[in-house]
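These notes concern the structure reproduced below.
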Amino acid sequence: MKEAKLYFPHKLNNLIKLPSLFDNRVEIISPGCLPDGLTVESIKLGSAVVRNPFIANFCAKTMPYRGLGSGIIRALQEEPNIKFINEPVGMQFISVINRIADEGVNEGEGINEGINELESLILTFLKKKPGAKGYEIAEYIQKGAATTERYLKSLKDKELIEYKGFRKTGGYYKK
Numbered sequence: 001m002k003e004a005k006l007y008f009p010h011k012l013n014n015l016i017k018l019p020s021l022f023d024n025r026v027e028i029i030s031p032g033c034l035p036d037g038l039t040v041e042s043i044k045l046g047s048a049v050v051r052n053p054f055i056a057n058f059c060a061k062t063m064p065y066r067g068l069g070s071g072i073i074r075a076l077q078e079e080p081n082i083k084f085i086n087e088p089v090g091m092q093f094i095s096v097i098n099r100i101a102d103e104g105v106n107e108g109e110g111i112n113e114g115i116n117e118l119e120s121l122i123l124t125f126l127k128k129k130p131g132a133k134g135y136e137i138a139e140y141i142q143k144g145a146a147t148t149e150r151y152l153k154s155l156k157d158k159e160l161i162e163y164k165g166f167r168k169t170g171g172y173y174k175k
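Counting in UniProt numbering, the sequence shown runs from 1 upward without gaps.
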């Protein structure tokens, strides 16, 4: 896959790469490495260093966002398996986020045999939240309504889930 690059004339040696999308991961490469004193382990624990206090102060007063230095923590809360790579020699910081494959079959036996990863995610969600609505499941697996309905139908056909109740007030349950 070819990477898109944006060049800024005032800093030709630093380039910003748009996120690279692969079948199994997303890579975000940022120019510059972690400042002195910070390590990948320390940023995972919430340590932060303001690189430009003037910009940070301006943004804090003019932008609606509050939470300076909390991005890594919030990202880890959403996806605990993000991999961070600090490359001081290459002057770049890389974030790697694994993607959930839409297709493929889990290897194993029993209930998971013949079920792909998204179907397994749906079953896990329904175990935690029985009676969930379709839109809640779609939000959890981060897919659109049509894709979610297709997976729900597949799970119903395999007799692993059922819909109980009326259309507006019912929900999906794991069998």
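Ideal Cβ positions, reconstructed from N, Cα and C, are used throughout, including at glycine.
Model, not experiment: these values are computed from the prediction.
- Task: Taking only the alpha-carbon atoms, compute the straight-line gap between residue 57 and residue 92 and give it to the nearest angstrom.
- Result: Here residue 57 corresponds to residue number 57 of the sequence shown, with the count starting at 1. Here residue 92 corresponds to residue number 92 of the sequence shown, with the count starting at 1. Cα to Cα, residue 57 sits roughly 25 angstroms from residue 92.
- Taking all protein chains shown into account, decide if residue 169 is buried (16 or more other Cβ within 10 angstroms of its Cβ) or exposed. Residue mapping note: residue 169 aligns to position 169 of the sequence shown, counting from 1. Looking at its Cβ environment, which holds fewer than 16 other Cβ atoms inside 10 Å, residue 169 is exposed.
- Taking the CB atoms as reference points, tell me whether residue 127 and residue 174 lie closer together than 8 angstroms. To locate residue 127, count along the sequence shown from 1; it is residue 127. To locate residue 174, count along the sequence shown from 1; it is residue 174. Taking 8 angstroms as the Cβ cut-off, residue 127 and residue 174 qualify as a contacting pair.
- Item | Pairwise C-alpha distance: residue 124 and residue 149 | By one-based count along the sequence shown, residue 149 stands at place 149. By one-based count along the sequence shown, residue 124 stands at place 124. Those two C-alpha atoms are separated by around 16 angstroms.
- alpha helix (DSSP H) containing residue 120: first to last residue? Translated into the one-based positions of the sequence shown, residue 120 becomes position 120. From DSSP, the alpha helix (DSSP H) with residue 120 extends over 117-128.
- Query: Which stretch, first to last residue, makes up the beta strand (DSSP E) that contains residue 84?
  - Reply: Position 84 of the sequence shown, counting from 1, holds the residue named residue 84. Per DSSP, residue 84 belongs to the beta strand (DSSP E) from 83-87.
- Mind reading off the beta-carbon distance from residue 43 to residue 72? Whole number of angstroms is fine, and I expect it under 8 angstroms. The residue given as residue 43 occupies position 43 in the sequence shown. The residue given as residue 72 occupies position 72 in the sequence shown. Right, their Cβ atoms sit about 5 angstroms apart.
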